[in-house]
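Step one of this worksheet: look at the structure below.
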Amino acid sequence: MTERDDMPDNPGDPENTDPEATSAESAEQAAEEAAAAQESSDEPELDPTLEADVDAALAEPDPEADAKVDEAEAAEVVEEGPTVEEQLAERTEDLQRLNAEYINYRRRVERERQAVVDGAKAKVLTEMLPILDDLELARQHGDLDEGPLKAISDKLQSVLDNQGLQPFGAEGDAFDPEVHEAVQDLSTGGAQAVGTVLRRGFKVGDRVVRNALVIIADASTDEESGEASE
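Be aware that the sequence shown starts at 1, since it is given in full-length UniProt numbering, and climbs by one per residue.
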């Protein structure tokens, strides 16, 4: 009896004879479960941070946050190198230094050029001084009072005056060893003056081209001058 209870009602049913056989209801249920699993697997999994980034992008801009970002970027630019104002100040300083150097160079060149011109002029005028000495002797003897020689002397003197040649050294002038050359000293130890001019001296501007040749004498005082006038 026990063995009859364990036997199926329909021993020939494929479910009882084939272990891999399934019923229509089981197959339909399995198909529904597979479809549901497929749908759930097709939906992509989203990154949790992506939704937060999208919300931040769609949110309204914050002016304070933008200002902080701009300040941070400006600070990075300052750290990277000098600003435009600093570069402009540096270039301006360089130009000013170059301009000052150029001005000093031009002044130095001009001084050197003028010195060369003055030296050449003084050399030429020095060669003509013996002619002036002869004309001065002729004047002292009255040979230049009239006649052709007087006209030549006047024209030559005019040309030399235009070139800046000026005589110096007259009787009574204070003796100056820088410009006077003494051949005899007749002074008594007091103030010295030019007593006799043996040869005039000449200047071109501040340059002495020839010293005056003189004899030193005592400088006259005011009392002596008053007695002499009486």
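Yeah, the Cβ is synthetic: ideal placement off N, Cα and C, and Gly gets one too.
Option nearest residue i by Cα separation, candidates the options
i, options, result
"V179", "Y105, A212, G189 and I216", "A212"
"Q163", "K203, E146 and A193", "K203"
"K155", "Y105, L135, R199 and R108", "L135"
"V159", "R199, V124, Q140 and A182", "V124"
"G189", "E181, S220 and G169", "S220"
Residue i, DSSP secondary structure in three states
i, result
"T196", "strand"
"G119", "helix"
"E127", "helix"
"A31", "helix"
"A219", "coil"
"M1", "Any reading at M1 must be qualified, since the residue scores a pLDDT of 44, below 50, and its modelled position is unreliable; no value is offered."
CB contact flag (residue i, residue j, <9 Å)
i, j, result
"L129", "V209", "yes"
"D218", "A174", "no"
"P167", "G142", "no"
"G205", "D145", "no"
"A122", "R199", "no"
"P82", "E90", "yes"
Same chain, Cβ closer than 7 Å to residue i, five either side skipped, listed in chain order
i, result
"E171", "V194, G195, T196 and V197"
"D185", "I216"
"S187", "I216, A217 and D218"
"E224", "Residue placement at E224 is poorly supported in this model, since its pLDDT is 49, which falls under 50; the coordinates still yield a value, given next. No residues qualify anywhere along the chain."
"L165", "L125, F202 and V204"
"K150", "L144"
"S153", "L135 and L144"
Residues near residue i by beta carbon distance below 8 Å, same chain, minus five either side
i, result
"A115", "none"
Contacts around residue i, its chain only, beta-carbon distance under 6 Å, and the 5 residues preceding and following it disregarded
i, result
"D176", "none"
"E32", "none"
Self-check item: alpha helix (DSSP H) runs contained entirely in the region 133-205, provided each spans 4 or more residues
Solution: Inside the region 133-205, DSSP marks whole alpha helix (DSSP H) runs of 4 or more residues at positions 148-162, from first to last along the chain.
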